[in-house]
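Line order of the protein sequences matches chains P and G. End of the first sequence = 148 in full-length UniProt numbering, gap-free, step of one. End of the second sequence = 148 in full-length UniProt numbering, gap-free, step of one. Glycine is no exception: its CB is placed at the ideal position from the N, C-alpha and C atoms. A quick note: this is a predicted structure, and the numbers were derived from the prediction, not measured. Since the structure comes first, as structure tokens, the remarks are kept for the end.
Protein chains: 2
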Amino acid sequence: MSNSIEIPFSTTLMVRDTCLCLHVQRAARALARLFDDALRPAGLTNGQFSLMMSLNRPEPPPMGPVAALLAMDQTTLTAALKPLQRKGWVKVMENPRDRRGRLLSLTTEGKAVLARALPIWESTHAMIDGKLPDGSVARLRQDLQALS
Amino acid sequence: MSNSIEIPFSTTLMVRDTCLCLHVQRAARALARLFDDALRPAGLTNGQFSLMMSLNRPEPPPMGPVAALLAMDQTTLTAALKPLQRKGWVKVMENPRDRRGRLLSLTTEGKAVLARALPIWESTHAMIDGKLPDGSVARLRQDLQALS
DNA sequence: TCCATTTCTATTGATATCAATGTATTTAGT
DNA sequence: ACTAAATACATTGATATCAATAGAAATGGA
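Set out below in structure tokens:
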């Protein structure tokens, strides 16, 4: 006996259509592929581009605020820095004011890589802008910001 | 000599504020954490919940369409199925009509796990809905769909 | 039928992601 | 100054993600 616990197919369709988490994950994967493809000639992934761009500041930031800006776990940032350090694009140094902390900065070569990637970002982003209805991109950004 | 190639800080701020890819990745990470936390008592991550829900169909689907539905690489789906198979929640069988292919289905226990997770999804989603302005969630879904 | 092409999936290698945990350092309270 | 608590990162282990590649089976054209 024992009726097995079943979710109706109609519920499945409802969840698929309405789940915001699923929709965001889908879009995240699709956009990541799009930017990864575009940025490949520059030797960067979309995540590496965003991370390095966030390090292009007058003063080298510590890790915590950078992780918060990117809405990622601090351990994820530690891992993401590894390949960039290996390539000599990012420098991680001890914070003289707080020896627990690290300060992150782009190397000269890192800045050059980022500068070569920038026009690719611009054209890719313009392409997306063009494909979406006018104004929807700005609206989308606002809505997304409310989630993170 | 050689002036190093620098991107102005103002450009960095512009990219940070406008990059749709970054905004989507940020929201994706934040939402993933939120649902992962909520679903943890059910033993599922947000991705596993979405995948298993997409398998709750009258007829077991092959892998290709499932990967397309989730907008993920086919190799990602292969990997994502591994832990679910190990736990006995998903069954992967050869397609008798096409011996290259596989058919994916939930086991009885898988269906039970999914059924226990459903109320968690409902309450978590309702919580998000409540925190966002009226109507913005539906609009957001539409905009995201245009991207994937 | 035979063969080239296409389709469907798996494997490998690299990076991304987070939970759990540990270590070193700073801060705050006394 | 001393100590407990908080803070900033790193490490480990598991899963997620995709590119490149390879294998097997189906399909289509001659």
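- Message: Could you compute how far the alpha carbon of serine 10(G) sits from the alpha carbon of histidine 125(P)?
- Response: Those two C-alpha atoms are separated by around 18 angstroms.
- Could you tell me the boundaries of the alpha helix (DSSP H) in which lysine 87(G) lies? That residue, lysine 87(G), is in no alpha helix (DSSP H); it is neither H nor E in DSSP.
- Query: Apart from the five residues just before and just after glycine 101(P), which ones in its own chain have a Cβ nearer than 6 angstroms to its Cβ?
  - Reply: So the qualifying residues of the chain are Pro62, Asn95.
- Message: Let me see if you follow: with CB-CB separation under 7 angstroms, is glutamate 6(P) close to chain G or not?
- Response: yes
- Message: Between asparagine 72(G) and chain P, is any beta-carbon pair separated by less than 7 angstroms?
- Response: Asparagine is not the amino acid found at residue 72(G); the sequence shown has methionine there. Closer than 7 angstroms: yes.
- Message: Just to confirm, is the Cβ distance from alanine 71(P) to alanine 30(G) under 7 angstroms?
- Response: yes
- Query: Between the beta-carbon of residue 149(G) and the beta-carbon of alanine 42(G), is there less than 7 angstroms?
  - Reply: In the structure displayed, chain G extends from 1 to 148; residue 149(G) sits before or after that span and is not available.
- Query: Which bits of chain G does methionine 145(P) rub up against, with CB to CB less than 7 angstroms?
  - Reply: Just to set this straight, residue 145(P) is glutamine in the shown sequence, not methionine. Residues of chain G whose Cβ lies closer than 7 angstroms to the Cβ of glutamine 145(P) are, in chain order, His23.
- Cα separation between methionine 52(P) and proline 8(P)? 46 angstroms
- What does methionine 53(G) touch in chain P if you count any residue whose Cβ is under 7 angstroms from its own? Thr12, Val15, Arg16
- Query: At least one CB of chain G closer than 7 angstroms to the CB of histidine 26(P): is that the case?
  - Reply: The sequence as given places arginine at residue 26(P); histidine does not occur at that position. Taking Cβ atoms only, chain G reaches closer than 7 angstroms to arginine 26(P), which makes this a yes.
- Message: Is alanine 115(G) close to chain P? Criterion is C-beta to C-beta, closer than 7 angstroms.
- Response: yes
- Task: Answer yes or no: do leucine 106(G) and methionine 93(G) have a C-beta to C-beta separation smaller than 7 angstroms?
- Result: no
- Task: Per DSSP, which residues does leucine 103(P) bridge with? Please list them.
- Result: Pro62(P), Met93(P)
- Query: Would you call the CB atoms of alanine 27(P) and valine 24(G) closer than 7 angstroms?
  - Reply: yes
- Query: Can you round the beta-carbon distance between aspartate 37(P) and threonine 45(P) to whole angstroms, since I take them to be within the 8 angstroms contact cut?
  - Reply: Going by Cβ atoms, the distance from aspartate 37(P) to threonine 45(P) rounds to 10 angstroms, so no, they are not a contact pair.
- Candidates Thr108(G), Leu144(G), Pro58(G), Thr78(G): closest to leucine 13(P) by CA position: Of Thr108(G), Leu144(G), Pro58(G), Thr78(G), the residue nearest in Cα terms is Pro58(G).
- Taking just the CA atoms, how far does alanine 146(G) sit from arginine 33(P)? 15 angstroms
- Query: If you measure from the CB of arginine 99(P), is any heavy atom of the ligand SAM nearer than 6 angstroms?
  - Reply: Ligands are entirely absent from the displayed structure, and the ligand SAM is therefore not among its contents.
- Taking 7 angstroms as the CB-CB cut-off, is serine 2(G) touching chain P? Caution is warranted here: a pLDDT of 49 is assigned to serine 2(G), below 50, making its placement in the model unreliable, and the coordinate value is therefore given only provisionally. Taking Cβ atoms only, chain P never reaches closer than 7 angstroms to serine 2(G), which makes this a no.
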